[in-house]
Amino acid sequence: MKLITRNVDYCIRSLVYMAACKKDIVCAEEMARHLNMPRPFLRKILQVLHKKGMLKAYKGKNGGFKLAVNPKKIFLLDLITAFHGPIKVVEHLFKKKCCPFTECCIVKKKMDKIEKYVISELKDITIYSLVGCKK
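Residue numbers (the numbering used here): 3 to 137.
This is the structure in structure tokens:
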């Protein structure tokens, strides 16, 4: 299981770029060129972020994208779940049914603890903390 897939990596890098950029609206072509990403792939990622309410999209000659949320309020956890859904270290299923030993399973208890730790760490990382911007 990967938490930081290519989608999430490009997402993080583009949001950090936008947060650090002096421009209000940044075009996808500029970001793709500067960050060395395929423009069509980046546009799909930016559209997902737009649908999730993290970006505003502007069409036309001077169009592009703008952060719709303060970089201090965009958490790594939000980005990962936007692309992959909730984080689950392990699902306790056996033949598509809930494991009958879930209540007493030591592995489940350990995995739940790891999952909570990972989620709490991802909640602490913001785009702002990655860019060090003063927006």
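Ideal placement from N, C-alpha and C gives every residue a C-beta, glycine not left out.
Residue nearest to residue i in terms of C-alpha spacing, selected from the options
| i | options | result |
| --- | --- | --- |
| A84 | G62, L57, P40 | L57 |
| G62 | Y130, V133, V28 | V28 |
| R45 | C13, K118, A70, G55 | C13 |
| V120 | F77, D26, L51 | F77 |
| A22 | L37, H86, L79 | L37 |
| D80 | P42, V50, M39 | V50 |
| L132 | A34, P40, I116, Y19 | Y19 |
| I89 | P42, D114, T128 | D114 |
| I127 | G87, K75, K118 | K75 |
| E32 | R41, K24, D26 | R41 |
| R8 | H52, K110, I82, P73 | I82 |
| S16 | L124, F43, V109 | F43 |
| N72 | D26, D11, K4 | D26 |
| M39 | V10, H52, N64 | V10 |
For residue i: DSSP bridge partner residues
| i | result |
| --- | --- |
| T83 | Paired residues: none, contrary to the question. |
| T128 | F77 |
Supposed contact pair residue j and residue i - C-beta distance, whole angstroms, cut 8 Å
| i | j | result |
| --- | --- | --- |
| K68 | Y60 | 7 Å |
| A30 | L48 | 6 Å |
| V91 | I116 | 6 Å |
Point to revise | Residue ranges of each beta strand (DSSP E) within the stretch 20 to 75, 3 or longer | key: 57 to 60, 66 to 69
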